[in-house]
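Report on the structure given below.
Number of protein chains: 2
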Amino acid sequence: MSMPHRSRAERRRATEARILASARRLFAEKGYERTTIRAVASAAGVDPALVMQYFGAKRDLFTRAVQAVPELPTASDADALTDQLLTTLGLKLGGLPEGVLAMMRSMLTDPAAADQVRDALTRQIEAVTAAMPAAEDPELRAALLVSALLGITIGHQLLGLPPLRGAEADRIVGIIRPAVKSLTASAD
Amino acid sequence: MSMPHRSRAERRRATEARILASARRLFAEKGYERTTIRAVASAAGVDPALVMQYFGAKRDLFTRAVQAVPELPTASDADALTDQLLTTLGLKLGGLPEGVLAMMRSMLTDPAAADQVRDALTRQIEAVTAAMPAAEDPELRAALLVSALLGITIGHQLLGLPPLRGAEADRIVGIIRPAVKSLTASAD
DNA sequence: TCAGTGAGTCAACAAGCGTTGAGCGAATGG
DNA sequence: CCATTCGCTCAACGCTTGTTGACTCACTGA
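Same order as they appear, the protein sequences are chains A and B. First residue of the first sequence? That's 1 in UniProt numbering, and the numbers climb one at a time after it. First residue of the second sequence? That's 1 in UniProt numbering, and the numbers climb one at a time after it.
Printed below as a string of structure tokens:
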């Protein structure tokens with residue numbers, strides 16, 4: 001059934017990956033505080049002490065579990081910007097990676113996660129500001145736009161708001177896109 | 001200096017109120033899990049056991065601390081609806097009550113808080129849906145609208161996103177209101 | 001074959017948590 | 001003035017948590 005004989009290094013990397021995957025899943029599901037090392041270990045079929053041995057401390061495990069997907073290239077025109085926003089916040093391409101969900105889940109109750117999200121969103125806001133034609137208050141408008149999309153992501157992926165829960169991403173994007181475009185354009 | 005002689009009942013109600021206020025502040029600041037009974041008691045200048053004696057259990061204290069402000073009357077026309085939405089999500093009238101902030105702070109990591117927020121938002125969504133002219137997908141549009149405003153509230157009150165942090169509510173409302181109105185109207 | 005490495009387990013620690021029951025001491029009311 | 005109530009504290013409980021050090025034992029490489 002299983003792979004017959006793997007080298008020690010292979011097995012080690014496999015267990016480490018299994019632990020990391022369990023950690024990501026649980027962090028995304030329950031957040032930092034309510035996820036215990038014991039639960040991660042048990043989900044990975046391993047002793048709690050091994051988790052510490054491989055990752056050092058719970059905080060380090062969390063850091064490893066949520067370390068960001070590579071930054072998207074800065075969009076130049078409004079259409080590309082819209083797509084970038086929708087993708088970054090997981091409204092396209094079948095949801096967000098579990099690590100990002102874990103970070104979002106913990107951002108309101110864990111200061112470290114809050115800092116990380118704040119930084120990421122600030123970068124997004126700067127990109128949107130730069131790509132925005134000379135409207136009044138471009139920074140504020142960009143921040144409001146990004147926050148609004150964040151809220152939709154939360155309602156959809158983290159809170160499971162009934163009408164959003166069942167809706168496919170395409171229908172959501174279909175409704176949002178024109179609104180986003182009208183906000184990034186200079187007209188109000 | 002202080003009130004000279006208060007009755008026993010008065011003093012008791014005063015301490016109970018002090019405990020509840022401390023609980024609200026800490027729950028709003030740190031969320032359910034990271035707020036300890038000991039911290040609440042210490043902030044209220046009181047022994048932890050007294051908190052239990054007055055409120056029964058930590059969960060009950062939380063319930064008391066976040067019990068909702070009275071529901072707003074359902075708006076009939078689009079303008080009133082917009083105002084109601086902006087007010088409910090704390091974007092008008094100088095921020096949200098601390099109990100609501102506490103509920104929001106905990107909604108991603110505490111299942112009970114999540115349920116309560118989901119219910120409150122669902123009611124809001126139903127109100128918006130009902131008040132919306134016959135557009136396509138009114139429920140989905142309403143849910144997206146409410147989620148977007150929720151996101152703005154989070155970015156503003158809970159995350160403290162730099163460009164939103166300094167902005168007064170009036171400027172934010174000034175930018176949002178036309179967008180909300182254009183979304184609640186039937187045109188897309 | 002055999003010392004040695006290293007993956008993984010076991011048992012325990014200290015700290016912090018929610019929660020409890022007994023007790024103190026001042027205000028109360030007759 | 002005395003017995004009682006009651007707001008409040010004290011000290012401790014049982015439990016869970018992150019974390020650690022010693023141990024086991026299968027596999028490695030010479």
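By construction, the Cβ of each residue, glycine as well, lies at the ideal position given by its N, Cα and C atoms.
Threonine 87/B carries a helical assignment under DSSP once its states are collapsed to helix, strand and coil. Put simply, the CB of glycine 155/B is near chain A, with a gap under 7 Å to one of its CB atoms.
In this structure, leucine 144/B and isoleucine 175/A form a Cβ contact; the two beta carbons are roughly 6 Å apart against a cut-off of 8 Å. Judged by DSSP secondary structure, proline 163/B falls within the alpha helix (DSSP H) whose first and last residues are 162 to 166. Residues of the same chain with a CB within less than 6 Å of the CB of leucine 101/A, apart from the 5 flanking positions on each side, are Ala28 in chain order. In the three-state scheme derived from DSSP, where H, G and I count as helix and E and B as strand, aspartate 79/A is classed as helix. Taking the Cα of arginine 24/A as reference, the smallest distance to any Cα among Ser7/A, Arg8/A, Leu50/A and Ala68/A is reached at Ala68/A. Of the other Cβ atoms in all chains shown, 16 or more fall within 10 Å of the Cβ of serine 106/B; this residue is therefore buried. Distance from the CA atom of lysine 92/B to the CA atom of valine 51/B, rounded to whole angstroms, is 34 Å. Closest in C-alpha terms to arginine 64/B, from the list Ala17/B, Ala80/B, Ala135/B and Leu161/B, comes Ala17/B. Contact holds between the segment 135 to 154 of chain A and the segment 145 to 162 of chain B, because three or more Cβ pairs, one in each stretch, are under 8 Å apart.
In this structure the segment 122 to 132 of chain B does not lie against the segment 113 to 131 of chain A, because fewer than three pairs of beta carbons, one per stretch, are closer than 8 Å. Residue state for serine 42/A is assigned as helix, using DSSP reduced to three classes.
Listed along chain B are Arg171 and Ile175, each with a C-beta nearer than 8 Å to that of aspartate 137/A. Excluding five sequence positions before and after alanine 142/B, the CB atoms of its chain that fall closer than 7 Å to its own CB belong to Ile125, Val128, Thr129 and Met132, given in chain order. Within chain A, the residues placing a beta-carbon under 7 Å from that of glycine 31/B are Leu108 and Thr109, ordered along the chain. Rounded to the nearest angstrom, the gap between the Cα atoms of leucine 164/A and aspartate 110/B is 20 Å. For glycine 45/A, no CB of chain B lies under 7 Å from its own CB, so it is not counted at the interface with that chain. A direct Cα-Cα distance of roughly 54 Å separates isoleucine 19/B from aspartate 77/A. Residue Phe62/B holds the alpha-carbon nearest to the alpha-carbon of threonine 36/B among Arg13/B, Leu158/B and Phe62/B. Taking all protein chains shown into account, glycine 45/B has fewer than 16 neighbouring C-beta atoms within 10 Å of its C-beta and is therefore exposed.
Distance between aspartate 115/A and aspartate 60/A, taken at the CA atoms: about 16 Å.
Collapsing the DSSP output to three states places arginine 177/B in a helix. Taking 7 Å as the threshold, the shortest C-beta distance from leucine 144/B to chain A falls below it. Per DSSP, reduced to three states, the secondary structure at aspartate 47/B is coil, with no helix or strand assignment.
Residue contact check for arginine 105/A against chain B: a CB pair falls below 7 Å. For arginine 13/B, the closest alpha carbon among the candidates Phe55/B, His156/B, Ala43/B and Leu121/B is that of Phe55/B.
The C-beta distance from arginine 34/A to glutamate 33/B rounds to 6 Å, short enough to fall under 8 Å.
Between the beta-carbon of leucine 158/A and that of leucine 85/B there is about 21 Å, and that puts the pair past the 8 Å contact cut.
The DSSP-derived three-state label of arginine 6/A is coil.
Taking the beta carbon of glycine 90/B as reference, no residue of chain A falls within 7 Å; the closest one sits roughly 13 Å away.
Judged by DSSP secondary structure, glutamate 126/A falls within the alpha helix (DSSP H) whose first and last residues are 111 to 131.
Against chain A, the beta carbon of alanine 148/B has neighbours under 7 Å at Ala148, Gly151 and Ile152, listed in chain order.
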